[in-house]
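Colleague:
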Amino acid sequence: MDGMLDAAPHAAGTRPATPVPYFEFSTQDLPPDEQFDGWRSSYSSIFDLSEPDTTAVGFRGSHSVWDIGSLIFSHVSTEEVDFAGLAGHHRREPLDHWLFTLLLSGNSVTNAGGTQFRGEAETVQMHALGRAFEGRVSNSEILMLFVPRDLCRDEVQALDAAAFSRLDSGMARIFADYMVSLVQQLPQLDVTEMTELVAATRAMLLASVEPSLQRLEEADNSIAYLQLERARRYIQLHLQNPTLDAQMLLQALGLSRSRLYRLFETADGVMHYIQRRRLAAAHAALADPTDVRRILDIAECYCFGDAAQFSRAFRREFGYSPSDVRADASHRLPGAGRPSQGCEDTPVQRLNGLLRRLQG
2 MDGMLDAAPH
12 AAGTRPATPV
22 PYFEFSTQDL
32 PPDEQFDGWR
42 SSYSSIFDLS
52 EPDTTAVGFR
62 GSHSVWDIGS
72 LIFSHVSTEE
82 VDFAGLAGHH
92 RREPLDHWLF
102 TLLLSGNSVT
112 NAGGTQFRGE
122 AETVQMHALG
132 RAFEGRVSNS
142 EILMLFVPRD
152 LCRDEVQALD
162 AAAFSRLDSG
172 MARIFADYMV
182 SLVQQLPQLD
192 VTEMTELVAA
202 TRAMLLASVE
212 PSLQRLEEAD
222 NSIAYLQLER
232 ARRYIQLHLQ
242 NPTLDAQMLL
252 QALGLSRSRL
262 YRLFETADGV
272 MHYIQRRRLA
282 AAHAALADPT
292 DVRRILDIAE
302 CYCFGDAAQF
312 SRAFRREFGY
322 SPSDVRADAS
332 HRLPGAGRPS
342 QGCEDTPVQR
352 LNGLLRRLQG
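To convert a position in the sequence shown, counted from 1, into the numbering used here, add 1.
(1) Kindly indicate which three-state DSSP category HIS11 falls into: helix, strand or coil?
(2) Can you list the beta strand (DSSP E) stretches of 3 or more residues lying completely in the stretch 75-139, in chain order?
(3) Can you look up PHE319 in the DSSP assignment and give me helix, strand or coil?
(4) With DSSP run on the structure shown, which of helix, strand or coil describes GLU142?
(5) Looking at C-alpha atoms only, which residue of LEU105, ARG154, GLU25, PHE26 is the closest neighbour of SER179?
(6) Quick check on this structure: which residue in GLU197, LEU152, ASP169 has the alpha carbon closest to the alpha carbon of SER71?
(7) Looking at the secondary structure, which residues open and close the beta strand (DSSP E) in which SER63 lies?
(8) Confirm, please, whether the CB-CB distance from LEU240 to ARG278 is below 8 Å.
(9) Enumerate in chain order the residues of its own chain whose CB-to-CB distance from ALA282 is below 7 Å, with the five nearest sequence positions on each side excluded.
(10) Just grab the DSSP bridge partners of ASP49 for me.
(11) Is GLY136 near ALA88, with beta carbons less than 8 Å apart?
(12) For the stretch 251-269 against the stretch 284-294, do three or more pairs of beta-carbon atoms, one drawn from each stretch, fall closer than 8 Å, so that the two count as touching?
(13) Which of helix, strand or coil does DSSP assign to ARG327?
(14) Compute the Euclidean distance between the alpha carbons of ARG327 and PHE315, then round it to the nearest angstrom.
(15) If you check the beta carbons only, do PHE48 and PHE84 fall under 8 Å apart?
(16) Which of helix, strand or coil does DSSP assign to ARG351?
(17) Taking DSSP as the reference, what is the three-state secondary structure of ARG167?
(18) Going by DSSP, what residue range makes up the alpha helix (DSSP H) through GLU25?
(19) Can you tell which of SER75, GLU266, ASP169, HIS76 has the C-alpha that lies nearest to the C-alpha of GLY120?
(20) In terms of residue numbering, what span does the alpha helix (DSSP H) encompassing ALA201 cover?
(21) Should ARG167 and GLN126 be called a contact, given that it needs their Cβ atoms to be closer than 8 Å?
(22) Mapping DSSP to helix, strand and coil, what is LEU183?
(23) For the alpha helix (DSSP H) that PHE37 lies in, which residues bound it at each end?
(24) State the CB to CB distance for the pair GLN350 and SER141, rounded to an integer number of angstroms; the pair is presumed to be in contact (CB under 8 Å).
(25) Span of the alpha helix (DSSP H) holding TYR303?
(26) Could you tell me how far apart the beta carbons of SER63 and PHE26 are, in whole angstroms, since I believe they sit closer than 8 Å?
(27) Identify every residue that forms a DSSP beta bridge with ASP191.
(28) Nearest by alpha-carbon distance to ARG61: which of PRO32, TRP67, HIS128 is it?
Written out as structure tokens, the structure reads:
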């Protein structure tokens, strides 16, 4: 998986109306002699980082962070560094979140409660930030998912039992793939999709920690719902593209053909759904008194090359003709509102602030 995420914040695809709140921090923006202090400060609510001997010449560290409401997700690149949890620290109160990490490159070792476990590339690890631990991470690229206890109150016992271990089940390997997909797709998601995203992620991590038939079904159902909503949104944003088809969706969304077809099974197939959405968009344009284009121009805009074909499809869908909509204002469709914009720039300390917010 090395190198897969270099362009994650600018991944190709749809542009959300209101993107999931996101920010970046890099020590390269600081003078060399301040870089490690900046990096240590940005994680001060989670770890106590020990200063390496080489910090006089600088310290390379960067992270991209997404605020998903009930979860915090980050993509981290760091030089080798020792870390320790804050439990037992007489000056700082530790957060009690669970931390799921996926090493994309590099390795780590953690000591906790007299036991030691090692992290390797492409394996998911779990830490409990409210308990004492220490360790070291090499030059690494890491995905981190911070999960507050309030999100999984009914599963606290199972999650606490899995803390400070590598998750090695088959479902955990699927969860690792899901985390890679998440960092690639987050830049394309809209804030309206965050509730479904949190539900899908919660179901996936619980199935990884405590696999069962019910957990696996919950995870699959949550993911399917989120994938369907993303597919619908992608279709809506590309209705005027004549090349929009199942193959285009497969490439844009990273789904298998069988998965895509299952998602649209109840809609009588992908192409049927696309045509229905194009007809609905054409209906809205025809019902808009400010849109003075000819009916044929609107039909062509939504990829109907023949007026007779458009008229027949339109009548089958709505029970009346395009010209009836033009003539009768009673068929006008209401316009849809947009979420308000609002994602403010933040300083180095924002990650700490987000994690404290999750603590409540």
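Even glycine gets a Cβ: it sits at the ideal position worked out from N, Cα and C.
Modeller: Straight from the coordinates:
(1) Residue placement at HIS11 is flagged as unreliable, the pLDDT there being 38, under the threshold of 50; the coordinate-derived value follows with that caveat. It is helical.
(2) The DSSP assignment places complete beta strand (DSSP E) segments of no fewer than 3 residues inside the stretch 75-139 at 82-86, 99-106, 109-113, 116-120, 125-129, 135-138, in order along the chain.
(3) Note: PHE319 maps to helix in three-state DSSP.
(4) DSSP, reduced to helix, strand and coil, places GLU142 within a strand of the structure shown.
(5) For clarity, residue 179 is Tyr in the given sequence; the question names Ser instead. The shortest CA-to-CA distance from TYR179 to any of LEU105, ARG154, GLU25, PHE26 is the one to LEU105.
(6) Minimum Cα distance to SER71 is reached at LEU152.
(7) Run containing SER63: 62-68, per the beta strand (DSSP E) assignment.
(8) When the beta-carbon positions are compared, ARG278 and LEU240 come within less than 8 Å of each other.
(9) Same-chain partners within the cutoff: LEU240, TYR303.
(10) DSSP output for ASP49 lists ALA85 as bridge partner(s).
(11) Cβ distance not < 8 Å, so GLY136 and ALA88 don't count as in contact.
(12) Counting C-beta pairs with one atom in each stretch, the stretch 251-269 and the stretch 284-294 have fewer than three that are closer than 8 Å, which means they do not touch.
(13) DSSP places ARG327 in helix when its eight states are reduced to three.
(14) So the two alpha carbons sit approximately 13 Å from each other.
(15) Taking 8 Å as the cut-off, the Cβ atoms of PHE48 and PHE84 count as close.
(16) Looking at ARG351 - three-state DSSP - the assignment turns out to be helix.
(17) Judged by DSSP in its simplified three-state form, ARG167 adopts strand.
(18) Note, GLU25: premise wrong, no alpha helix (DSSP H); beta strand (DSSP E) at 23-27.
(19) Looking at the Cα atoms, ASP169 is the closest of the given residues.
(20) Looking at the DSSP string, the run of the alpha helix (DSSP H) that includes ALA201 is 195-210.
(21) Closer than 8 Å, so yes.
(22) The answer is helix: DSSP assigns LEU183 an H, G or I state.
(23) Segment 33-43, the alpha helix (DSSP H) holding PHE37.
(24) That belief does not hold up - the Cβ atoms of GLN350 and SER141 are roughly 23 Å apart, past 8 Å.
(25) If you look at TYR303, you'll find it isn't in any alpha helix (DSSP H); DSSP assigns it neither H nor E.
(26) For a cut-off of 8 Å, the C-beta gap from SER63 to PHE26 is around 7 Å, short enough to register as a contact.
(27) Note: ASP191 sits in a beta bridge opposite PRO20.
(28) Across the set PRO32, TRP67, HIS128, the C-alpha of PRO32 shows the shortest separation from the C-alpha of ARG61.
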